[in-house]
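Only one structure is covered here, and it is reproduced in the block below.
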Amino acid sequence: MPEGDTVWNTARVLHRALAGARLTGSDFRVPQLATTDLTGWTVRESASRGKHLLLRLTAPDDARWTLHSHLRMDGAWRAYAPGERWSGRPAHLIRVVLRTPGAVAVGYHLHELALVPTGKEDGLVGHLGPDLLGPDWDPTEAVRRLAGHPEQTIGEALLDQRNLAGVGNLYKCEVLFLRGVSPWTPVGAVPDLPATVALAQRLLAANRGRWTQSTTGSLHRGQTSYVYGRRAQPCRRCGTAIRKEELGERVTYWCPVCQPEQSDT
Ligand SMILES: [Zn+2]
Numbered sequence: 622m623p624e625g626d627t628v629w630n631t632a633r634v635l636h637r638a639l640a641g642a643r644l645t646g647s648d649f650r651v652p653q654l655a656t657t658d659l660t661g662w663t664v665r666e667s668a669s670r671g672k673h674l675l676l677r678l679t680a681p682d683d684a685r686w687t688l689h690s691h692l693r694m695d696g697a698w699r700a701y702a703p704g705e706r707w708s709g710r711p712a713h714l715i716r717v718v719l720r721t722p723g724a725v726a727v728g729y730h731l732h733e734l735a736l737v738p739t740g741k742e743d744g745l746v747g748h749l750g751p752d753l754l755g756p757d758w759d760p761t762e763a764v765r766r767l768a769g770h771p772e773q774t775i776g777e778a779l780l781d782q783r784n785l786a787g788v789g790n791l792y793k794c795e796v797l798f799l800r801g802v803s804p805w806t807p808v809g810a811v812p813d814l815p816a817t818v819a820l821a822q823r824l825l826a827a828n829r830g831r832w833t834q835s836t837t838g839s840l841h842r843g844q845t846s847y848v849y850g851r852r853a854q855p856c857r858r859c860g861t862a863i864r865k866e867e868l869g870e871r872v873t874y875w876c877p878v879c880q881p882e883q884s885d886t
């Protein structure tokens, strides 16, 4: 599941493969960029902002551009050595191929692929709240934005990237379990909002630099989460069956005993 940490890792892979290199070819397989050719452009850097990827480029006329992409649920970038077999995904999912003398970057099932002047990145990511893994992470501002909608459920508020950027469904479920908070609790009734935000940041940061996401400390298959993906399995703390239900546009997992409803506090 691409959450902030996965996107951060992906940005790093692209940076190591492409940064500083001149593109020797590009192949866009999306209608809006079908005629775009980045041959001769230089890759300045690759960065992430929440769940958005920003590949910053310099055109031959020195103009600065940003190739934006979003992984959503299923997108991925892979970097290969020239001549290496592309083993990532089926070829029909390829949306873009970028070639340099030392690497080939292939983007699979990317969303919101767009090429914009770097000075206009804010049009794509300016609405985002503080980035949990960004250099400018600001927990006070994240709490302020969350608290601005006290009636919203905390389960939905943590996923709203305008509040804080980088939390996906896995971390949402796990943070709320670890804080003992029901996902249906209104934001205004969450006992310690700053602690919830701080925990979300710590969990994402702990998973930076690896592809297996774990909130339990274990990297063994089937032991990496407390509640996420564990419907009907026993809670690791109290043994109660973990529940799964729709909340807003997403499903949520929780333990009804460890995470009691708190709507009247
Ligand atoms: Zn429990």
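Residue numbering for the sequence shown is 622 to 886, as defined by my numbering.
Even for Gly, the Cβ is constructed at its ideal location relative to N, Cα and C.
Worksheet item: So is A668 buried or exposed if we call it buried at 16+ other beta carbons inside 10 Å?
Response: Residue mapping note: residue 668 aligns to position 47 of the sequence shown, counting from 1. Residue environment analysis places A668 among the buried positions, since at least 16 neighbouring C-beta atoms fall within 10 angstroms of its C-beta.
Worksheet item: For D813, is the classification buried or exposed, using 16 other Cβ atoms within 10 angstroms of its Cβ as the cut-off for buried?
Response: Start at 1 with the first residue of the sequence shown, and residue 813 comes out as number 192. Answer is exposed; the Cβ neighbour count stays below 16.
Worksheet item: Going by beta carbon distance, what residues of the same chain come within less than 6 angstroms of G860, once the five residues before and after it are set aside?
Response: Here residue 860 refers to the residue found at position 239 when the sequence shown is read from its first residue. Taken in chain order, the list of residues that qualify is empty.
Worksheet item: Three or more C-beta pairs closer than 8 angstroms, one from the stretch 623–630 and one from the stretch 786–799: is that the case here?
Response: yes
Item to complete: Compute the distance between the beta-carbons of T772 and P807, then report whether it is under 8 angstroms.
Response: For the purposes of this step, residue 772 is taken as the residue at position 151 of the sequence shown. For the purposes of this step, residue 807 is taken as the residue at position 186 of the sequence shown. Reading off the sequence shown, one finds Glu at residue 772, where the question assumed Thr. Result yes, Cβ atoms of E772 and P807 sit closer than 8 angstroms.
Worksheet item: In the structure shown, what three-state DSSP assignment does W686 receive?
Response: In the sequence shown, counting from the first residue as 1, residue 686 sits at position 65. W686 falls in the strand class under three-state DSSP.
Worksheet item: What is the residue span of the beta strand (DSSP E) that A778 lies within?
Response: Counting from one through the sequence shown, the residue named residue 778 turns up at place 157. It is not in any beta strand (DSSP E) - A778 instead sits in the alpha helix (DSSP H) that spans I775 to L780.
Discussion item. As a quick check of your reading: which residues have a C-beta less than 6 angstroms from at least one non-hydrogen atom of ligand 1, in chain order?
Written reply: C856, R858, C859, T861, C876, V878 and C879
Worksheet item: Between the C-alpha atoms of R677 and L688, what's the straight-line distance to the nearest angstrom?
Response: Here the question's residue 677 lines up with position 56 in the sequence shown. Here the question's residue 688 lines up with position 67 in the sequence shown. Those two C-alpha atoms are separated by around 6 angstroms.
Item to complete: Please determine if the stretch 650–659 and the stretch 698–706 are in contact, where contact requires at least 3 C-beta pairs separated by less than 8 angstroms.
Response: no
Discussion item. Going by DSSP, what residue range makes up the beta strand (DSSP E) through G728?
Written reply: Here residue 728 refers to the residue found at position 107 when the sequence shown is read from its first residue. V725 to Y729 is the span of the beta strand (DSSP E), which, as asked, contains G728.
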